[in-house]
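Visitor: Residues -21 to -1, 1 to 192, numbered by mature numbering (1 follows the signal peptide of the UniProt record, and there is no 0), are exactly what the sequence shown covers, in order.
Have a look at the structure that comes next, please.
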Amino acid sequence: MKLRGVIIGLITVLFAANAQATTLKLSPDIDLLVLDGHKISGSLLKGADGLELERGEHQLLFRIERTIKNQTPTATNWVSAPQIVTFTTQAQSVTITLPALQTLRNGRHFDKNPRFVLLDEHDAEVASKRDRLQTEAQGDLEQAMVLYNLDHKIASVPRFAQPLRRTAMAAGRMPEIAFSQHPTERMLRLLYQQVDSATRQRFVLLMKALHTS
């Protein structure tokens, strides 16, 4: 009974926290590369038009990939320079709004002078700091962002430069840490697969705390 009460409390805390989340809305043209210092797996966002984030400060590294017109009849696959944007929000949603990028000339102009806008659910602009990651630093994006954040540049967030730990959670798998032989395991695993990534992170941290208590 005690364990059942703890599980119910855990689920209640998770969904109460999730109700206070911000939905980051992404268009199909946006390739999110690094979020808050962590490389984002393509499988995590596959088929999703948004990502749930805790309200507060966040840092994104993304690029735009779009098929655009060229001077020749053949369309060109254009990829932007990696863009860094840091923002703090208490909004329900944040949308990255892009300018018209229909020609290669538009794309080149964007790389020189990126003019995207972050809007909340009321179409009000969310204040942000922007920068561009140097193209020669694209090999290890996590490490590139660690160095960027330690360099105190315009969109740096030093706390996102902490050593990164690769865990089963980052790969979208539930870690083998709790209730492996308990009859509630199936319910917990099903719940874990149904919630968003931000809630999964809280889920794992709470279960680790429960397991060691």
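Don't be surprised by glycine CBs; every beta carbon is placed ideally from N, CA and C.
From a predicted model like this one, the values you see are computed outputs, not experimental measurements.
For L97 versus V136, is the C-beta spacing smaller than 8 Å?
Guide: What you label residue 97 is simply residue 118 of the sequence shown in a count that begins at 1. What you label residue 136 is simply residue 157 of the sequence shown in a count that begins at 1. No. Outside cutoff.
Visitor: Which word fits V13, buried or exposed, when buried means at least 16 other C-beta atoms lie within 10 angstroms of its C-beta?
Guide: Mapped onto the sequence shown, residue 13 falls at position 34. Buried: at least 16 other Cβ atoms inside 10 Å.
Visitor: To the nearest whole angstrom, what separates the beta carbons of G16 and M124, a pair I think is in contact under 8 Å?
Guide: By 1-based counting over the sequence shown, the position of residue 16 is 37. By 1-based counting over the sequence shown, the position of residue 124 is 145. The beta-carbon separation of G16 and M124, rounded to 6 Å, stays under the 8 Å limit for a contact.
Visitor: How about I43 and L83: do their beta carbons lie closer than 8 Å?
Guide: Locating residue 43 in the sequence shown gives position 64, where the first residue counts as 1. Locating residue 83 in the sequence shown gives position 104, where the first residue counts as 1. No.
Visitor: Between the Cα of K108 and the Cα atoms of I63, K4, P7, which residue gives the shortest distance?
Guide: By 1-based counting over the sequence shown, the position of residue 108 is 129. Comparing Cα positions, the closest option is I63.
Visitor: Where does A157 sit, in a helix, a strand or coil, going by DSSP?
Guide: Your numbering for residue 157 matches position 178 in the sequence shown. Since pLDDT at A157 reaches only 40, below the 50 mark, its modelled position is unreliable, and the value read off the structure follows with that caveat. Coil, per DSSP.
Visitor: So T53 packs on T1, CB below 8 Å; how close in whole Å?
Guide: For the purposes of this step, residue 53 is taken as residue 74 along the sequence shown, with counting starting at 1. For the purposes of this step, residue 1 is taken as residue 22 along the sequence shown, with counting starting at 1. Actually they do not touch by this definition, with Cβ atoms about 40 Å apart.
Visitor: For the candidate residues Q71, F66, A134, K4, whose alpha-carbon lies nearest to that of residue 201?
Guide: No statement about residue 201 is possible, as the shown extent of the chain runs from -21 to 192 and does not include it.
Visitor: Quick one: grab the DSSP three-state call for A140.
Guide: Numbered from 1 along the sequence shown, position 161 holds the residue referred to as residue 140. Note: A140 maps to helix in three-state DSSP.
Visitor: Does the beta-carbon distance from residue 275 to L5 come in below 8 Å?
Guide: The structure shown has nothing for residue 275, since the chain only spans -21 to 192.
Visitor: Thinking C-alpha only, which one of R138, T65, R111, R45 is nearest A79?
Guide: One-based indexing of the sequence shown puts residue 79 at position 100. Out of R138, T65, R111, R45, R45 has the C-alpha closest to the C-alpha of A79.
Visitor: Who pairs with E44 in a beta bridge, going by DSSP?
Guide: Here residue 44 corresponds to residue number 65 of the sequence shown, with the count starting at 1. Bridge partners of E44: V58.
Visitor: Going straight from the alpha carbon of N56 to that of K48, what length do you get?
Guide: The residue given as residue 56 occupies position 77 in the sequence shown. The residue given as residue 48 occupies position 69 in the sequence shown. Their Cα atoms are separated by approximately 9 Å.
Visitor: For G35, name the three-state secondary structure that DSSP assigns.
Guide: Within the sequence shown, residue 35 is the residue found at index 56, counting from 1. Reduced to three states, the DSSP call for G35 is strand.
Visitor: With a threshold of 16 other CB atoms inside 10 Å of the CB of residue 196, please say whether the residue is buried or exposed.
Guide: Given that the chain is displayed from residue -21 to residue 192, the structure contains no residue 196 and the question cannot be resolved.
Visitor: Compare the C-alpha of K91 against each of P61, A103, L3 and name the closest.
Guide: Walking along the sequence shown from the start, residue 91 turns up at place 112. Minimum Cα distance to K91 is reached at P61.
Visitor: Taking just the CA atoms, how far does F95 sit from R87?
Guide: Locating residue 87 in the sequence shown gives position 108, counting from the first residue. Locating residue 95 in the sequence shown gives position 116, counting from the first residue. Those two C-alpha atoms are separated by around 14 Å.
Visitor: Tell me which residues share the same chain as Q38 and place their Cβ nearer than 6 Å to its Cβ, disregarding the 5 neighbours each side in the sequence.
Guide: Against the sequence shown, residue 38 aligns to sequence position 59. Excluding sequence neighbours, Q38 sits near D15, T65, V136, F139.
Visitor: How would you label V105, buried or exposed, when you count the other beta carbons within 10 angstroms and need 16 or more for buried?
Guide: Translated into positions along the sequence shown, residue 105 becomes position 126. Flag for V105 reads buried.
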